[in-house]
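Chemist: I'd like to ask some things about the structure below.
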Amino acid sequence: MKNILYTIILSFIFSFVVGCGELPEEKPVSAESFTITIEEIIDAVDSGNPNEYAKLLTEDSRFRFGNWPEVKGKKAIHKAQTEFYASVKKTKHEIIRHWKNDSSIVADMLVTYTRIDGSTLTLPVVDIFEIKGNKVDATFIYMDIAPLYEKPKSK
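If you're matching positions, the sequence shown starts at -4 in this note's numbering and goes up one per residue.
Spelled out as structure tokens, the structure:
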């Protein structure tokens, strides 16, 4: 009750002094607005099967990997992941920590790539997953993946 009264008073003062109208109403953040988990998402990614990740996506989902162009739509994301999975033998994410609010999950991770030749490389990554209707509506992957495709240095 005290918070409501405080908000009303501040709204009134702000609109009177500045003349900008009412302050926007704050909606409470609830981490319970969806049930999909970071573990489910990462398990689907690490399965190496684009169909598993596609099951978690909205039809008009968006996907951006680093500075590559954004891909839109479940079918286009499936195609992009199919091409990516063909360039590596395996991926394995280790979740270091993650945060969740009412519409997204942010994960700080290490991802180990097994290359086609069997060598491995571990890189840091931060992923943001926007959730809508308990499905992934957007995926934003922040990492420098260039080392994965660099030619090995000769000794």
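For glycine and all other residues, C-beta sits at the position ideal for the given N, C-alpha and C.
Quick check: residue 111 and residue 83, are their CB atoms within less than 8 Å of each other?
Modeler: Closer than 8 Å, so yes.
Chemist: Beta carbon of residue 133, beta carbon of residue 121: below 8 Å?
Modeler: For residue 133 and residue 121, no; Cβs fall outside 8 Å.
Chemist: Please return the same chain residues whose Cβ sits closer than 8 Å to the Cβ of residue 68, not counting the five positions on each side in sequence.
Modeler: Excluding sequence neighbours, residue 68 sits near 54, 55, 56.
Chemist: Check for me: the beta strand (DSSP E) holding residue 112 runs from which residue to which?
Modeler: No beta strand (DSSP E) contains residue 112, which DSSP labels as neither H nor E.
Chemist: Report the residue ranges of all beta strand (DSSP E) runs contained in full by the segment 52 to 129; include only those spanning at least 3 residues, in chain order.
Modeler: You should have 52 to 60, 85 to 95, 99 to 109, 115 to 127.
Chemist: Return the CA-CA distance between residue 125 and residue 115, expressed in angstroms with no decimal places.
Modeler: So the two alpha carbons sit approximately 30 Å from each other.
Chemist: Quick one: is residue 144 buried, meaning 16 or more other Cβ sit within 10 Å of its Cβ, or exposed?
Modeler: The residue is exposed, with fewer than 16 neighbouring Cβ atoms inside 10 Å.
Chemist: Indicate the three-state DSSP secondary structure (helix, strand or coil) for residue 139 in the structure shown.
Modeler: The answer is coil: DSSP assigns residue 139 none of H, G, I, E or B.
Chemist: Do you know how far the Cα of residue 139 is from the Cα of residue 62?
Modeler: If I take the Cα positions, the gap works out to 9 Å.
Chemist: Compute the Euclidean distance between the alpha carbons of residue 41 and residue 88, then round it to the nearest angstrom.
Modeler: So the alpha carbons of these two residues sit roughly 7 Å apart.
Chemist: Return the CA-CA distance between residue 128 and residue 107, expressed in angstroms with no decimal places.
Modeler: Those two C-alpha atoms are separated by around 30 Å.
Chemist: Per DSSP, which residues does residue 131 bridge with? Please list them.
Modeler: Beta-bridge pairing links residue 131 to 52, 126.
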